[in-house]
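Numbering of the sequence shown is given in full-length UniProt numbering, commencing with residue 1 and proceeding in unit increments.
Accompanying notes for the structure given below.
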Amino acid sequence: MYEGKIIKFYREKSQLTQEQLGRGICSDTHISKIERGSTEYSPEIITFLSKRLQIDISLEAIRLKNIRTRLHYWHDVIIEQLFEEMAMLYEELEQEPLIQLSDYQPLYNLLKARYYLMHNQADKAYKVIKIFHKDVQQLPLYESNLYKHVMGMYYMAKQEYLKAIDTLTAIVHEDYNNPEYYYHLASAYHAIQSPVMAYFYAEKSLAFFKGINSFLRIIDAEMLMLIQVKDEKSRDFKETIRRFEKLIQSCDICQAPVRKARVLHNLAYEYMRRENYKLASKYYQQSMNLKEKKTGGYLLSLEGYIRSCLHGNLLPSEELMQITKDGLALAKKLKEIFYMHLLQLLLLLIQNREQEYHLYLSDIALPKFRESGNTYLIQNSEKELFAFYMKTNQPDKALEIANIVLNKVN
């Protein structure tokens, strides 16, 4: 079975016809049958063919058989987010020619798409994913569910959270031994302001990460669980801060600056929602300093930093305006449409262009927020517009917003 595939691969690589390869050994018809695996053949013939192709057939067969094991190990490394080892395996597998003829090419391509998503290369990932769209029903069970997982992550990268939830909940858990997807499902529910579901799936992912002793991912899950309970009025804010500080300490121990940046960002948000804009801006800035500048994550913390500085009157308007313009230019360069809208809105606020701000919010930004399913931004935008329409004596528009809100409640 393996020998025939290997013979064909190296024959074509050597640009030999079946007749040229078999000359003096066997007929081209017999070569064809060997390559298709449709005939018996003697070990001597394989030995002669291998010598002509200048390969060690036994070593090549072992390499081919081990591909699936190596791919699953790569997946484990991706799950644990061990970036250096992940990159080494990527380079190694990219140089593995036998993947092209193995039965595991779909698994390899799906994992490669995951790898791209881990490196904020959503468009590059999609080019790989889309080759499966028409034939997804033909994939083996594991690969079929991995496809759903990768698509869910792609939708998350594009801020299409409702699509992400629909895709991730379609995974058949019994056929896919990777409960890590619970974490991505929790993240999607968090994005649409569904704390009960987010906490539920984050807790399930935490159990998985503890089971595989992945301390980095344990931090991820605990962070997600912590920010779901932030609105419990009975909760002592000092205890919340203590848990944030513990997570920051864990990040330092694990030498995990990426995770530390996330924790700092969420701590900044906790201070901003309590209108402590000075501390909010401090932690947003610390988060930004740990992030790669040309990323959506950097823009997210930048938006929080600008907003906290604006509400707290912490910077002169001219300086704040320039920071916002620089951020908007970066968002455009990165084609981060979501952050382009957020920063454009902030720029209009800083410039005191209230009428234009609300027009942009209603006609451009809010439809995009609704498309993504970002409940937090949708609700805040609708509240702002309702208050503005009431203040400016536009009862019809105010009623339209109120009806939309009431229909969602019902």
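Ideal Cβ placement from N, Cα and C applies to all residues, glycine included.
Excluding residues up to 5 positions away in sequence, P195, A198 and Y199 lie with their Cβ nearer than 6 Å to the Cβ of Q228 in the same chain. P316 carries a coil assignment under DSSP once its states are collapsed to helix, strand and coil. Using a Cβ distance threshold of 8 Å, M340 and A331 count as a contacting pair.
Annotation: N374 is outside any alpha helix (DSSP H) and is labelled neither H nor E by DSSP. Its chain contains V128 as the residues whose beta carbon lies nearer than 6 Å to that of K112, once the 5 sequence neighbours on both sides are disregarded; these appear in chain order. Rounded to the nearest whole angstrom, the CA to CA distance from N276 to I131 is 49 Å. Straight through space, the alpha carbons of Y176 and L146 are spaced by roughly 7 Å.
Counting C-beta pairs closer than 8 Å gives fewer than three between the stretch 373-390 and the stretch 206-223, which falls short of the contact rule.
Y155 counts as buried, since no fewer than 16 other beta carbons sit within 10 angstroms of its beta carbon. With contact defined as three or more Cβ pairs closer than 8 Å, the stretch 18-33 and the stretch 42-52 are in contact. Judged by beta-carbon spacing, K148 lies within the 8 Å limit of A170, meaning their Cβ atoms are closer than that value. The Cβ-Cβ distance between A188 and A221 does not fall below 8 Å. Between I55 and L98, the C-beta spacing is not below 8 Å. Distances from the CA of Q285 to each of R273, T295, R274 and G304 were compared; the closest alpha carbon is that of G304.
In the structure shown, E40 falls within a coil segment according to DSSP collapsed to helix, strand and coil. In the three-state scheme derived from DSSP, where H, G and I count as helix and E and B as strand, N66 is classed as helix. Taking C-beta atoms under 8 Å as the contact rule, S372 and Q159 qualify, at a distance of about 4 Å.
Excluding its 5 nearest sequence neighbours in each direction, P257 has C-beta neighbours in its own chain below 8 Å: C251 and L290, listed in chain order.
If you look at K124, you'll find it in the alpha helix (DSSP H) that goes A122 to I129.
Bounds of the alpha helix (DSSP H) holding Y357 are E354 to Y360.
With contacts defined by Cβ atoms closer than 8 Å, I192 and L162 form a contacting pair. L216 is positioned such that its CB atom lies closer than 8 Å to that of E80. In the displayed model, G24 falls within coil according to three-state DSSP, outside both helix and strand. The straight-line gap separating the alpha-carbon atoms of S14 and Q100 is approximately 16 Å. Just measuring C-alpha positions, the residue of Y376, K333, R52 and E85 sitting nearest K293 is K333.
When the alpha-carbon of N213 is set against those of V77, C26, P106 and V405, the nearest one is in V77. DSSP places Y271 within a helical segment (H, G or I) once states are collapsed to three. Between A365 and L345, the C-beta spacing is below 8 Å.
Excluding residues up to 5 positions away in sequence, M223, F244, L247, I248 and C251 lie with their Cβ nearer than 7 Å to the Cβ of V263 in the same chain. Taking the Cα positions, T324 is about 10 Å away from L342. Nearest neighbour of E40 by Cα position, chosen from K65, Y2 and Q394, turns out to be Y2. One alpha carbon belongs to M86, the other to E60, and they sit about 24 Å apart.
When the beta-carbon positions are compared, R70 and L93 come within less than 8 Å of each other. Assigned with DSSP and collapsed to three states, Q18 falls in helix.
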